[in-house]
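In my numbering, the protein residues as written are 14 to 112.
Pasting the structure below:
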């Protein structure tokens, strides 16, 4: 039975992007060369995992930075009723003491 390879062929002009593509480069080669391609693919996969972890950490740190970043200062609008509110609280407190 002939083995039909559905994977795209990579030559020297194409750069493999995944460890599977690196392993596929070793097909139809000598066992020693296949072993070397497998070792390279294993290291490539480990490197991809490290990059993915760092990307996730960078994204979380950027999100935290955006959350902690100081917002735009706004001018405080005084409440005109505050004076009467404090006066009302004082009168309410005085009535409670008088009783």
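Glycine included, C-beta positions come from ideal geometry on N, C-alpha and C.
Since we're looking at a predicted model, the values are computed, not measured.
Would you list, in sequence order, the uninterrupted alpha helix (DSSP H) runs of no fewer than 4 residues that lie entirely inside the region 42 to 77? none
Please classify residue 14: does DSSP put it in a helix, a strand, or coil? On the chain shown, residue 14 is found 1 positions in, with the first residue counted as 1. Its pLDDT being 45, under 50, residue 14 is placed unreliably in this model, and the coordinates cannot settle the point.
With residue 37 as the anchor, note down where its alpha helix (DSSP H) starts and where it stops. As a first step, residue 37 must be located in the chain shown, where it is residue number 24. Its alpha helix (DSSP H) spans residues 32 to 38.
Between the region 52 to 67 and the region 85 to 96, can you find at least three pairs of beta-carbon atoms closer than 8 Å? no
Quick check on DSSP: helix, strand or coil for residue 87? Mapped onto the chain shown, residue 87 falls at position 74. Three-state DSSP puts residue 87 in coil, outside helix and strand.
Exposure of residue 35, with buried meaning 16 or more beta-carbon neighbours within 10 Å: For the purposes of this step, residue 35 is taken as residue 22 along the chain shown, with counting starting at 1. With 16 or more other Cβ atoms within 10 Å, it is buried.
Any idea what DSSP makes of residue 28, helix, strand or coil? Position 15 of the chain shown, counted from the first residue, corresponds to residue 28. Coil at residue 28, not helix or strand.
I need the straight-line Cα distance from residue 28 to residue 38, nearest angstrom please. Translated into the one-based positions of the chain shown, residue 28 becomes position 15. Translated into the one-based positions of the chain shown, residue 38 becomes position 25. In a straight line, the C-alpha of residue 28 is about 11 Å away from that of residue 38.
Can you name, in chain order, every residue of its own chain whose Cβ lies under 7 Å from the Cβ of residue 51, other than the five neighbours on each side? For the purposes of this step, residue 51 is taken as the residue at position 38 of the chain shown. Cβ within range, chain order: 36 and 39.
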